[in-house]
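Sequence lines, in order, name chains S and L. Position 188 of the first sequence, counted from 1, bears residue number 191 in our numbering, the numbering being contiguous throughout. Position 118 of the second sequence, counted from 1, bears residue number 121 in our numbering, the numbering being contiguous throughout. Backbone N, C-alpha and C fix where the C-beta goes; we use that ideal spot for every residue, glycine too. Nothing here was measured: the structure is a model prediction, and the numbers come from that model. Since the structure comes first, as structure tokens, the remarks are kept for the end.
2 protein chains.
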Amino acid sequence: MSNPAVSAPTIGVFDSGFGGLTVLRALIERLPRARYAFLGDTARLPYGSKSRRTIARYAVESAQFLAHEQGAEFLVIACNTASALALDAIQQAVSVPVLGVIEPGASAARDASRTGDVLVIATDATVQSHAYAAACHTLGLRALEKACPLLVPLVEEGWTDHPVTAEVIRIYLDELSADAAAHGLHADTLVLGCTHYPLLRPLIEQAVPAGMRVIDSAESAADAAVRLFNGRAAASAASAAQPTEILCFATDSVEKFERLGSRFLGRPVGRVELVDLGG
Amino acid sequence: MSNPAVSAPTIGVFDSGFGGLTVLRALIERLPRARYAFLGDTARLPYGSKSRRTIARYAVESAQFLAHEQGAEFLVIACNTASALALDAIQQAVSVPVLGVIEPGASAARDASRTGDVLVIATDATVQSHAYAAACHTLGLRALEKACPLLVPLVEEGWTDHPVTAEVIRIYLDELSADAAAHGLHADTLVLGCTHYPLLRPLIEQAVPAGMRVIDSAESAADAAVRLFNGRAAASAASAAQPTEILCFATDSVEKFERLGSRFLGRPVGRVELVDLGG
């Protein structure tokens with residue numbers, strides 16, 4: 004066990020499932036010398052098809068577990084749906100800084116776009132919240148969002164390089180392009196507004212028109228986290244000579260988490276502990 | 004409100020989501036003069052990717068709501084996953100008769116099959132429980148099961164008559180056929196072991212070899228329920244001159260339930276009441 008007096012701060016990372024491990028992976032690349040507590044609320048996933056009220060309740064319980072029981076000093080909500088529908092509720096429920104993935108994704112889109120018109124693909128709940136559209140509008144961008152509910156199941160089936168997945172992506176992006184043209188948008192940037200989608204990035208980049216920039220909100224959120232941490236005392240501790248420490252928690256089958264999680268994290272997730280949030 | 008002294012008994016029907024409405028539909032066709040209380044545990048769906056422990060906890064809470072709070076005198080577990088993993092737990096938790104969908108599906112397969120070899124398609128959790136294989140073996144059948152995790156999302160996307168869905172069904176059934184051949188099975192019957200799959204029946208019937216019988220476990224469970232009720236006093240009450248009464252409950256967004264539910268029920272679901280099971 005690490006000694007709290009000399010260790011780097013604990014960074015809590017939360018998702019409804021495994022997708023948030025793409026954010027954890029991007030965080031570890033940028034801040035390797037830190038202690039990470041990752042919670043996947045796998046007993047209640049997916050959040051993407053549920054209501055704001057239910058998502059907020061689940062997300063607050065998960066955030067409180069990381070902040071109160073795991074001593075996380077920062078929280079990264081590595082779930083677009085929870086960021087879109089529950090960031091305010093989480094910020095009110097815990098006293099530590101909380102970072103979502105929506106605003107970093109919108110900021111990266113602003114930096115990437117020349118036309119000021121961007122497209123966003125995400126889950127049903129994220130799209131219905133219009134959180135990306137609102138964040139983009141605040142930054143002076145026009146944004147059009149589209150729900151792509153089949154992409155998460157396709158990733159979880161392991162069909163990340165499959166002709167069916169390529170066809171589903173083509174159908175979704177064709178519908179989005181037609182809708183963008185009908186709205187008079189000249190989009191040059193596509194935001195991947197779900198932490199599962201980075202695993203489909205090669206297929207998505209093959210499907211978009213030449214020259215379109217693809218923004219990964221997991222990467223953008225990790226960049227924002229580094230900027231946040233660098234402005235705080237934590238940064239010096241996090242840069243001390245200490246190896247990466249990763250604690251993983253799940254609310255359902257730890258075996259499945261261990262098996263699927265490595266796909267998203269890009270390395271073995273190690274031992275996963277089962278927690279009961281009462282849901 | 005109906006008067007308990009003269010009304011037909013309340014039949015409780017439970018599913019993790021909307022799929023069980025295909026069972027309710029089959030029940031109403033057979034027992035139109037009854038009062039039905041249907042609960043969709045939509046805040047915690049899907050069950051099909053979760054562990055036995057979690058599924059049992061959710062299913063018991065749902066069954067107790069129908070038996071204790073809605074006064075259901077019979078329960079039909081219109082969810083293959085909950086029937087496969089939690090039927091015993093439910094039967095122990097409530098004092099009314101409880102019918103699942105697995106054994107009726109296996110019985111119908113026995114009646115349909117000439118070779119004694121059957122195939123079963125279902126969710127991950129149902130397949131991992133091997134509940135269909137066990138029920139089939141008890142009846143003297145050999146059974147091979149296959150998880151088809153993309154079919155539920157495809158139905159929920161509304162792609163019930165879509166080329167992508169036809170292709171996914173072809174891939175799954177080809178894999179299952181190859182596996183059956185490798186096991187030396189001469190299967191002539193396919194059981195639809197998930198209450199979403201009846202909506203894909205036309206595509207599935209196009210994909211199976213000529214002469215293969217397709218068994219819908221929703222229909223089989225409704226037939227078994229009629230036999231169960233006919234052996235009880237309830238049958239006479241249920242045949243009294245009384246219109247069908249349907250009460251629907253959901254643990255998440257009632258708007259979504261009202262919108263999607265009619266697709267499964269084959270008619271409007273009417274008003275849906277939100278319930279909180281504490282999850």
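L/C82 to S/L90, Cα distance in whole Å? Taking the straight line joining both Cα atoms gives about 34 Å.
Under the three-state reduction of DSSP, which class applies to S/C139: helix, strand or coil? Looking at S/C139 - three-state DSSP - the assignment turns out to be helix.
Might you give, ordered along the chain, the residues of its own chain that have their beta carbon closer than 6 Å to the beta carbon of S/A237, omitting 5 neighbours on each side? Here the model assigns S/A237 a pLDDT of 49, short of 50, so the residue's position is not dependable and the matter cannot be decided.
Given 8 Å as the limit, tell me if S/C139 has its C-beta closer than that to any heavy atom belonging to the ligand HEM. This structure lacks the ligand HEM, and indeed carries no ligand of any kind.
Is there a Cβ of chain S sitting closer than 9 Å to that of L/L142, yes or no? By this cut-off, L/L142 is not an interface position.
Specify the secondary structure class of L/E72 as computed by DSSP and reduced to three states. Secondary structure at L/E72: helix, using DSSP grouped into helix, strand and coil.
Short CB-CB distance (under 9 Å) between S/R47 and chain A: Going by chain labels, chain A is absent from the structure shown, which instead holds the protein chains S and L.
I'd like to check one pair, L/P201 with L/E222: are the Cβ atoms closer than 9 Å? Note that the C-beta distance between L/E222 and L/P201 is below 9 Å.
Spell out a yes or no on whether the segment 250–259 of chain S and the segment 44–53 of chain S are touching, meaning 3 or more CB-CB pairs, one atom from each, closer than 8 Å. With the cut-off at 8 Å, the segment 250–259 of chain S and the segment 44–53 of chain S touch.
Which residues share a DSSP beta bridge with S/T198? Beta bridge pairing from DSSP links S/T198 with no other residue.
L/I93 and L/A134: beta carbons closer than 9 Å? Contact flag unset, no.
Over the uninterrupted beta strand (DSSP E) stretch that includes S/V272, give me the two end residues. Secondary structure note for S/V272: it is in no beta strand (DSSP E), with a DSSP letter that is neither H nor E.
Given that S/D18 touches chain L, what residues does it touch there, using C-beta distances under 8 Å? Under the 8 Å cutoff, chain L gives no residues; its nearest Cβ is about 15 Å from S/D18.
Comparing the C-beta of L/V130 with each C-beta of chain S, is any distance below 9 Å? No, no contact with chain S.
I'd like to know if L/E159 contacts chain S, where contact means its C-beta is closer than 9 Å to some C-beta of that chain. Yes, L/E159 counts as interfacial toward chain S.
What did DSSP end up calling S/L34 once you bin it into helix, strand or coil? Residue state, collapsed to three classes: coil.
Can at least three beta-carbon pairs, one atom from the segment 49–63 of chain S and one from the segment 27–34 of chain S, be found at a separation below 8 Å? Touching, no, given that fewer than three Cβ pairs across the two stretches are closer than 8 Å.
Which residues share a DSSP beta bridge with S/C251? S/F41 and S/V275.
Cα-Cα, which of L/A115, L/L42 and L/S19 is closest to L/V275? Closest option to L/V275, judged by alpha-carbon separation, among L/A115, L/L42 and L/S19: L/L42.
Considering only residues of the same chain and omitting the five flanking positions on each side of L/N6, which have a CB-CB separation below 8 Å? Confidence in L/N6 is poor, its pLDDT being 43 and thus under 50, which makes the residue's placement unreliable; the coordinate value appears in the next sentence. Within the same chain, L/N6 has no close Cβ partners at all.
At the 9 Å Cβ level, is S/V272 part of the contact set with chain L, yes or no? Output row for S/V272: interface = no.
Can you give the beta carbon distance from S/V97 to S/Q73, rounded, assuming they're within the 8 Å contact cut? So it is not a contact: roughly 11 Å between Cβ atoms.
Counting only Cβ pairs nearer than 8 Å, list the residues of chain S close to L/V99. Contact note: L/V99 does not reach chain S at a C-beta cutoff of 8 Å; the least C-beta distance is about 26 Å.
Got a sec, what are the start and stop residues for the beta strand (DSSP E) L/A15 sits in? Before going further, note that residue 15 of chain L is Gly rather than Ala in the sequence given. DSSP places L/G15 in the uninterrupted beta strand (DSSP E) bounded by T13 to D18.
L/S239 to L/G22 span [Cα, whole Å]: Caution applies to L/S239, whose pLDDT of 48 falls short of 50 and renders its modelled position unreliable; the value that the coordinates give is listed next. Each residue's alpha carbon lies about 29 Å from the other.
Anything in chain S within Cβ reach of L/D164, meaning under 8 Å, just list it in chain order. Under the 8 Å cutoff, chain S gives no residues; its nearest Cβ is about 14 Å from L/D164.
Measure the Cβ-Cβ separation of L/E64 and L/L277 and say whether it is below 9 Å. Not in contact: L/E64 and L/L277 (Cβ atoms no closer than 9 Å).
Within 10 Å of its beta-carbon, does S/R38 have 16 or more other beta-carbons around it, so buried, or fewer, so exposed? Label assigned to S/R38: buried.
Over the uninterrupted beta strand (DSSP E) stretch that includes L/L147, give me the two end residues. Its beta strand (DSSP E) spans residues R145 to A150.
Test: S/S52 CB closer than 9 Å to a CB of chain L: For S/S52, the answer is yes, since a Cβ of chain L falls inside 9 Å of its Cβ.
Proximity winner among L/V123, L/T198 and L/D226, relative to L/F267 (alpha-carbon distances): It is L/T198 whose Cα lies nearest to the Cα of L/F267.
Opposing strand residues paired with L/A125 [DSSP bridges]: DSSP lists L/A150 as the bridge partner or partners of L/A125.
With 16 other CB atoms within 10 Å as the buried threshold, where does L/E148 fall? Flag for L/E148 reads buried.
So for L/V288, helix, strand or coil by DSSP? Not covered by the structure: residue 288 of chain L. The range shown for chain L is 4 to 282.
With DSSP collapsed to three states, give me the class of S/R216. Note: S/R216 maps to strand in three-state DSSP.
Measuring CB to CB, does L/L231 end up less than 9 Å from L/I124? The answer is no: Cβ separation not under 9 Å.
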